[in-house]
Amino acid sequence: MALIRVEHVDKSFAGRHGTISIMQDISFDVADADFVAIVGPSGCGKSTLLRLIQGLDRPTAGQILFRDQLVTAVQSKMAMVFQSFALYPWLTVAQNVAFGLEALGWPPDRIHSQVDRYIGVTGLDGFQEAFPRELSGGMRQRVGLARALAVEPAVLLMDEPFSALDALTAEGLREEVLQLWRDPDLPPDAVVLVTHNIEEAIQLADRIIVLSRRPAHVLAQVSVDLPRPRDRKSTAFYDLTDRVYSLITEGSAPTGPAATPAAGAGPAAKSPSR
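Position 1 of the sequence shown, counting from 1, maps to 1017 under this note's numbering, and the rest follow consecutively.
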């Protein structure tokens, strides 16, 4: 059973000079154990699509289902990591991590235990009482990740989470996210990543949803059948990068076994294991 089903979704906004169409007829599934990346030109609605999945906004047409239930409100079993960290500057690291748990009404003892666990999981030990202004960008993003994981989401939504970080910090956090996703004792069950970085999408994801320019539609779902850890210098990695880049820039579907046509397509084949 698919965790998430996006079915024929349209989204438009009212503008000063008429209606602005952001996306049209978007359809894809996210299954258990999926790591899906969404790529496409700037302004094509990738972040908007994440908000629709989370329930922070509503489609103009079509529907989104989570565990076969129509998404009509914010989903407590999904959590989002933002590009801008989105931390409360007046709260400590521990208080930021606890924020979502308090909103869910967890008892204090359980909150304290959960905060300690995910501070440890994300490498924040010793920084519990620090404020965001006292942390580097990488550490602040770790706080955002810990806050998202602490609610033990079934689905982790990530909106350009590494784009504000330096290259070395971003690379380290990518590997940590992969390790968390592959650990059966830790959430999440599935990850949906929005990124502009095609190499990042190929490094992390098992399937890439490629969107067109606005109004966005799904050009193709590209399966990433490369063994982990993935070698960016390999010919296969380079060829797949070129394939996805060409698809985005030229708007023509790639050929060959790595691509699945968008029309009526479900999730592409998953790697045998995380």
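C-beta atoms are modelled at their ideal positions from N, C-alpha and C, and glycine is treated no differently.
Three-state secondary structure assigned by DSSP to residue i
{"i": "Gln1237", "result": "strand"}
{"i": "Glu1168", "result": "coil"}
{"i": "His1024", "result": "strand"}
{"i": "Gln1085", "result": "strand"}
{"i": "Ala1018", "result": "strand"}
{"i": "Arg1074", "result": "coil"}
{"i": "Gly1142", "result": "coil"}
{"i": "Leu1103", "result": "coil"}
{"i": "Ala1232", "result": "strand"}
{"i": "Leu1202", "result": "coil"}
{"i": "Ala1162", "result": "helix"}
{"i": "Gln1091", "result": "coil"}
{"i": "Leu1242", "result": "coil"}
{"i": "Leu1068", "result": "helix"}
{"i": "Gly1061", "result": "coil"}
Integer Cβ distance of residue i from residue j, believed to fall under 8 Å
{"i": "Ala1221", "j": "Phe1051", "result": "5 Å"}
{"i": "Val1046", "j": "Val1208", "result": "6 Å"}
{"i": "Ile1042", "j": "Val1022", "result": "6 Å"}
{"i": "Gln1219", "j": "Arg1190", "result": "6 Å"}
{"i": "Asp1026", "j": "Thr1064", "result": "So it is not a contact: roughly 11 Å between Cβ atoms."}
{"i": "Val1008", "j": "Leu1196", "result": "Here the chain covers residues 1017 to 1290 and nothing more, so residue 1008 does not appear."}
{"i": "Glu1168", "j": "Pro1203", "result": "5 Å"}
{"i": "Leu1242", "j": "Ala1252", "result": "6 Å"}
Residue i - containing alpha helix (DSSP H), residue span
{"i": "Glu1191", "result": "Ala1183 to Arg1198"}
{"i": "Leu1220", "result": "Ile1214 to Leu1220"}
Start and end residues, beta strand (DSSP E) containing residue i
{"i": "Val1260", "result": "Note, Val1260: premise wrong, no beta strand (DSSP E); alpha helix (DSSP H) at Thr1251 to Glu1266."}
{"i": "Met1041", "result": "Note on residue identity: the sequence assigns Asp, not Met, to residue 1041. Taken as a continuous stretch (DSSP letters only), the beta strand (DSSP E) holding Asp1041 covers Gly1034 to Ala1047."}
{"i": "Val1109", "result": "Where Val1109 is concerned, there is no enclosing beta strand (DSSP E), although the alpha helix (DSSP H) it sits in stretches over Val1109 to Ala1119."}
{"i": "Val1055", "result": "Phe1051 to Val1055"}
{"i": "Arg1223", "result": "Arg1223 to Leu1227"}
{"i": "Val1137", "result": "Val1137 -> not in any beta strand (DSSP E); alpha helix (DSSP H) instead, spanning Pro1124 to Val1137."}
{"i": "Ala1206", "result": "Ala1206 to Val1210"}
{"i": "Val1097", "result": "Met1094 to Val1097"}
Whether residue i touches residue j by CB criterion (8 Å)
{"i": "Cys1060", "j": "Arg1259", "result": "no"}
{"i": "Ile967", "j": "Ile1038", "result": "Examination of residue 967 is not possible in this model, given that the chain is present from 1017 through 1290 alone."}
{"i": "Ile1080", "j": "Ile1135", "result": "no"}
{"i": "Gly1009", "j": "Thr1185", "result": "Residue 1009 cannot be examined here, being either before or after the span of the chain that is shown, 1017 to 1290."}
{"i": "Tyr1261", "j": "Ile1214", "result": "yes"}
{"i": "Leu1181", "j": "Gln1157", "result": "yes"}
{"i": "Leu1140", "j": "Ala1164", "result": "no"}
{"i": "Val1240", "j": "Phe1044", "result": "no"}
{"i": "Ala1170", "j": "Lys1249", "result": "no"}
{"i": "Ser1179", "j": "Gln1070", "result": "no"}
{"i": "Gln1237", "j": "Arg1246", "result": "no"}
Own chain, CB closer than 7 Å to residue i, minus 5 neighbours either side, in chain order
{"i": "Ala1166", "result": "Val1113, Gly1116, Leu1117, Gln1130, Val1131 and Tyr1134"}
{"i": "Thr1211", "result": "Ala1053, Val1055, Glu1176 and Ala1217"}
{"i": "Ile1264", "result": "Val1055, Gly1056, Pro1057 and Val1226"}
{"i": "Arg1149", "result": "Pro1105"}
{"i": "Ala1146", "result": "Thr1108 and Val1109"}
{"i": "Ser1086", "result": "Inspection of the sequence shows that residue 1086 is occupied by Leu rather than by Ser. Counting only Cβ-Cβ distances below 7 Å, and skipping sequence neighbours, we find Gln1079."}
{"i": "Thr1228", "result": "The residue you asked about is not Thr; residue 1228 is Ser in the sequence shown. These residues qualify, in order along the chain: Gly1056, Cys1060, Leu1235 and Gly1267."}
{"i": "Pro1200", "result": "none"}
{"i": "Lys1062", "result": "Ile1054, Gly1056, Val1210 and Leu1227"}
Beta-carbon contacts of residue i that lie in its chain and below 8 Å, excluding the five residues immediately before and after
{"i": "Gln1111", "result": "Tyr1104"}
Near the ligand HEM: residue i beta-carbon under 7 Å from a heavy atom
{"i": "Met1096", "result": "For the structure depicted, the ligand HEM is absent and the ligand set is empty, with no information on it obtainable."}
6 Å Cβ shell around residue i - same chain, five flanking residues per side excluded
{"i": "Phe1029", "result": "Ile1036"}
{"i": "Ala1018", "result": "Asp1045 and Ala1047"}
{"i": "Met1174", "result": "Val1097 and Leu1209"}
{"i": "Asp1073", "result": "Arg1067"}
{"i": "Ser1152", "result": "none"}
{"i": "Thr1138", "result": "Arg1158, Leu1161 and Ala1162"}
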